Amino acid sequence: MKIRRIITIAKTVWLEALRRKDVYVLLILLGIMIVAVMSLDIFGLGGVVGYVKDVGLLAAWFFGMVVAITISTRQLPDEEKANTIFPLLAKPVTRAELLTGKWAGATVSATIAMLACYLLLAVLVKLKGGAFEGFTFLQCYLLHAWAIGVICAIGILFSTRLNKDAAATLSYVTAGAAFLLIPQIPRIVVNAQCVQRSGLLVLYYIMPHLELFDMRRRMVHDWGPASWSSLLYVMIYGLVLIGLLLVLSWLAYRRKVLSRADLF
Amino acid sequence: MKGNGIEMRGLTVTYASRMGTVNALSGINLTVPSGSVFGFLGPNGAGKTTAMHVLLGFITPTSGHASIFGEDVQGSIARQRIGYLPEHPIAYRFLTGREYLQMAGSLFLLEPTQIKSRAKLLLGQLDLIDAADRRISTYSRGMMQRICLAHTLMSDPDLLILDEPTGGLDPSGRMKIRMMINDLRTRGKTIFFSSHELSEVELMCDSVAILADGEIVAEGKPAALVGEDKSLERYFLRVTGTEKEIGP
Amino acid sequence: METITNSTVNGRRRERFYGWAAVIILWTTAFSMACYSDIAKHSEHNAAGSTIGRLLSKASIGLSQACYERADLYFHKGVPHSSKKALADSFYHILNEEINPSSHAHRHGRSLAEIMPWLKLVTSLDPGNIEARLNAVFLLMKMKEFDVAEKVLMDARRTNPKDHRVLLYLGRIYVKREKISEAGQILETALRFCHDEACAGCDHCKDTLIDKRAILLYLAAIDEAEGNLSQAVERLEAIIEIFPGSHEIETTIKALKKRPDGESSGILLEALKSHEEAESQTFSSCTVPDCEH
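Chains as they are written, first to last, in our numbering: chain A, 1 to 264; chain B, 1001 to 1248; chain C, 2001 to 2293.
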């Protein structure tokens, strides 16, 4: 694998994301949403920013997921549909390089879009008379970026064998379950019966745990930064997960017969 | 250049469809010498694109073997020396013409200075200098075809595989592509192309192969093949059996 | 063949414009009618509600409940109520505990203000939810924001004029701000609306009785401060009727009876104020129902 080829492919993804403007729409929506929330009169009290942080970060997570899934799931199907995949793979570009480049491009695009969201939120919180604690802000963003990497890898995996819409739908379901349902398994499993319990345990251990990347509670409720060692553990877990998903994507894609779209 | 540009030996591609097993290619043997312009002809659905996709490593043959300059087509080394222009090519519409060429250069790991000079040269040769910094989405059909050809030529490949390079172009567009192919021929490049423009093939090719239903039904120099049929078009219709379909 | 002229093109544009205009007008009319009928249907429920509450109609109740739960979550610094869990020794659980703190905690001091937006949303979505307003007032009083608390109570009084709890809180604020005669008047009104004839077994009735005791206690303290000792004794005896065997109250009655009528010391009122102050300093219970702590 040549890093320069991966960067070239990734750069094309960034340029596409930048020029298609869908990220701007989400950013504007986020801004409108936060400003609307900020306009709430809280019994005339000033300096109350927790709820702005809360709503803003929730929206950033939601939009982050939308951007990551939209960008990652359209890469391969769009290339195949437009037949641009053929001149690309006719070059000395391996399918592993193509997948890694597409993943890196989608991840960096969504991460940069999220940075814009975080900065916008920080400015609006400042205007409201509050502030973010520096280290916690950095850690929260870092883990969010990692989560976006995992979500993009999920999107790439599904798009190797499915069309854009199907891949996006499955990615939403998987990421949503990994974020909301899987963390609830320890509660459910207490009352579960034998077979059901085993099924839940399998799900708990094989599904990605996106809740580990979510530091919103620390940010909103001023718990302060997490220890760097636990942050490192979560980042290593994220890297392993991304690696695993990309290897699965490569296994699904390496022998895929590419058909000319205009034939069908 | 030594050796053969392309060699196909007993190349067979079958795939399963709802209608049963389909033989896209049935044991074809073909040799394209280095430095020649080779026309690969056949009616729609004859298997031309499938054969090209095997050469490019997109499809693994069911049986048989294909090589480019002696290298197996499945290895990426072979693709270092290939330039491929697909039928109805489409470039990344969000890039400018220059960015699209720079991207090709980077994928071939060319030096930045080399990329810059090569892109400038190709943009000039294909009459795209004025549109170089415009988004490809604003290009006409002919300009799109030319920027894709320039993209194909960025690495100065030894073998060019062109699928219908002049399809859908106006006469001036065709002329520009033809001139480019002639220029490449004089520089000793091997060109393997498919076209439905038989007069064009007759004019440009050193040899041709005609494919019908996945099999090679004729091969040789155009002049030698034409014989009593007087034109390559008549010969083509006769050997592919399409003459009966269109009537006298 | 049709010759396309500028007027033909303009005519087609006009037709297209009118077509779209008709679609937009019809759709807007249909949407407005649907909204109006829905709002009208639920207007009784949200008679005094906010615009947002009226627009959302029944959904606003569910939303307000969600906001109320959010307020509770904010009071606990984002940590949800713990429930029985398995897999506590799993890698994911241990790592999650590190990233997301889960120890029980409460907000204190000025940071209590962070709960307010959610309570404000509850009151906007469900103006009938008097508990949310009282919780807001309680927190505002803890933050010594008496002006704001008074405003909230005035607003609550407009929508719930006969609720004794609103009047009790208003009285307490007046006492805090040394507006003793206003406090007396408002607490008298509160006493009139505090109906305790219902059963004493249910939680609601128990709460009403506790409220009545508080009203009487404040009124007795005010009477004592104004030198009206016999009236104060009557109030305290009424408390004994509701909660027999209260040693402290009985002692106070005895002490008051020993003093000549007309003698004012304000000692009872001060004791009440300092008791509230101490309660406010050591307060660590939750402001919303269902809290296990």
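Backbone N, C-alpha and C fix where the C-beta goes; we use that ideal spot for every residue, glycine too.
Being a predicted model, the structure only gives us computed values, none of them experimental.
If we cut at 8 Å on Cβ distances, does residue 211/A have a partner in chain B?
Not one chain B Cβ lies under 8 Å of residue 211/A.
DSSP three-state call for residue 2247/C: helix, strand or coil?
Three-state result, residue 2247/C: helix.
With a 10 Å radius around its C-beta and 16 neighbouring C-beta atoms as the bar for buried, classify residue 1115/B as buried or exposed.
Within a 10 Å sphere around the beta-carbon of residue 1115/B sit 16 or more other beta-carbons, which makes this residue buried.
Separation of residue 15/A from residue 1095/B, as counted between CA atoms
Using only the alpha carbons, I get a separation of about 8 Å.
Look at the alpha carbon of residue 2270/C and the alpha carbon of residue 2175/C, and state the distance between them as a whole number of angstroms.
Looking at the two C-alpha atoms, the distance is approximately 10 Å.
Which partner residues does residue 1033/B have in the DSSP bridge list?
The bridge partners DSSP lists for residue 1033/B are 1004/B.
Just to make sure I have the definition right: I need the residues of chain A whose C-beta is within less than 7 Å of the C-beta of residue 2025/C. Which are they?
Going along chain A, no residue has its Cβ under 7 Å from residue 2025/C, so there is no contact; the nearest lies around 26 Å.
Can you tell me whether DSSP reads residue 2045/C as helix, strand or coil?
Low local confidence applies: a pLDDT of 48 at residue 2045/C is under 50, so the model's placement there is unreliable, with the coordinate-based value given in what follows. When secondary structure is reduced to three states using DSSP, residue 2045/C falls in the coil class, being assigned neither helix nor strand.
Outcome for residue 2164/C when other beta-carbon atoms lying within 10 angstroms are tallied against a minimum of 16:
When all chains shown are included, residue 2164/C counts as buried.
What is the DSSP secondary structure of residue 1216/B, counted as helix, strand or coil?
Assigned with DSSP and collapsed to three states, residue 1216/B falls in strand.
Please find out if some non-hydrogen atom of the ligand MG comes closer than 7 Å to the beta-carbon of residue 2030/C.
As presented, the structure is devoid of all ligands, the ligand MG included, so that no description of it is given.
Just to make sure I have the definition right: I need the residues of chain A whose C-beta is within less than 8 Å of the C-beta of residue 1095/B. Which are they?
Result: 12 and 15.
Helix or strand or just coil, what does DSSP make of residue 2289/C?
No answer about residue 2289/C holds up, because its pLDDT of 41 lies below 50 and its placement is not dependable.
Between which two residues does the alpha helix (DSSP H) containing residue 2230/C stretch?
Residue 2230/C -> alpha helix (DSSP H) spans 2229-2242.
Test item: CB-CB of residue 1039/B and residue 1208/B under 8 Å:
Yes, the Cβ-Cβ distance between residue 1039/B and residue 1208/B is below 8 Å.
CA nearest to the CA of residue 2239/C, picked from 2250/C, 2119/C and 2088/C
Of the candidates 2250/C, 2119/C and 2088/C, the one whose C-alpha sits nearest the C-alpha of residue 2239/C is 2250/C.
Opening and closing residue of the alpha helix (DSSP H) in which residue 137/A lies
Counting along the chain, the alpha helix (DSSP H) containing residue 137/A begins and ends at 134-159.
Nearest-angstrom Cα separation, counted from residue 259/A out to residue 1236/B:
Approximately 27 Å between the Cα atoms of the pair.
Starting from the beta carbon of residue 161/A, find every residue of chain B whose beta carbon is closer than 8 Å, and list them in chain order.
For residue 161/A, there are no C-beta contacts with chain B under 8 Å, since the nearest C-beta of that chain is about 16 Å from it.
Quick one: what does DSSP say residue 1046/B is sitting in, helix, strand or coil?
If DSSP states are grouped into helix, strand and coil, residue 1046/B belongs with coil.
When 2205/C, 2188/C and 2229/C are compared against residue 2216/C, the one with the closest alpha-carbon:
It is 2188/C whose Cα lies nearest to the Cα of residue 2216/C.
Would you kindly report the start and end of the unbroken beta strand (DSSP E) that includes residue 1163/B?
If you look at residue 1163/B, you'll find it in the beta strand (DSSP E) that goes 1159-1163.
Figure out for me which residue from 1216/B, 1102/B, 1060/B and 1029/B has the closest Cα to the Cα of residue 1154/B.
Nearest to residue 1154/B by alpha-carbon distance, out of 1216/B, 1102/B, 1060/B and 1029/B, is 1102/B.
In terms of alpha-carbon separation, which member of 2149/C, 2182/C and 2210/C lies closest to residue 2244/C?
For residue 2244/C, the nearest C-alpha among the options comes from 2210/C.
Taking 8 Å as the cut-off, decide whether the C-beta atoms of residue 2099/C and residue 212/A are in contact.
Cβ distance < 8 Å, so residue 2099/C and residue 212/A count as in contact.
Partner residues on chain A for residue 2093/C, Cβ-Cβ distance less than 7 Å
Residues of chain A passing the Cβ test: 186.
Buried or exposed, going by whether 16 or more other CB atoms sit within 10 Å of the CB of residue 1189/B?
Result: buried.
Quick one: which chain C residues come within Cβ less than 8 Å of residue 223/A?
Against chain C, a Cβ distance below 8 Å from residue 223/A picks out 2077, 2078 and 2101.
What residue from 103/A, 9/A, 11/A and 165/A has the CA that sits closest to residue 284/A's CA?
There is no way to answer for residue 284/A, as the model of chain A reaches only from 1 to 264.
Spell out whether any CB of chain A is found under 8 Å from the CB atom of residue 2064/C.
The C-beta of residue 2064/C comes no closer than 8 Å to any C-beta of chain A.
Using beta-carbon positions only, say whether residue 2225/C and residue 2236/C come within less than 8 Å of one another.
In this structure, residue 2236/C does not lie closer than 8 Å to residue 2225/C by Cβ.
Unbroken beta strand (DSSP E) run spanning residue 2091/C, endpoints:
Segment 2091-2099 is the alpha helix (DSSP H) holding residue 2091/C; no beta strand (DSSP E) there.
Between residue 2153/C and residue 2190/C, is the Cβ-Cβ spacing less than 8 Å?
Taking 8 Å as the Cβ cut-off, residue 2153/C and residue 2190/C do not qualify as a contacting pair.
Residue 1166/B, DSSP secondary structure in three states:
Coil.
Would a check of beta-carbon distances place residue 1166/B closer than 8 Å to chain A?
No, its Cβ sits nowhere closer than 8 Å to a Cβ of chain A.
Check this for me: beta carbons of residue 1128/B and residue 1097/B, under 8 Å apart or not?
One thing to note: residue 1128/B has its Cβ within 8 Å of the Cβ of residue 1097/B.
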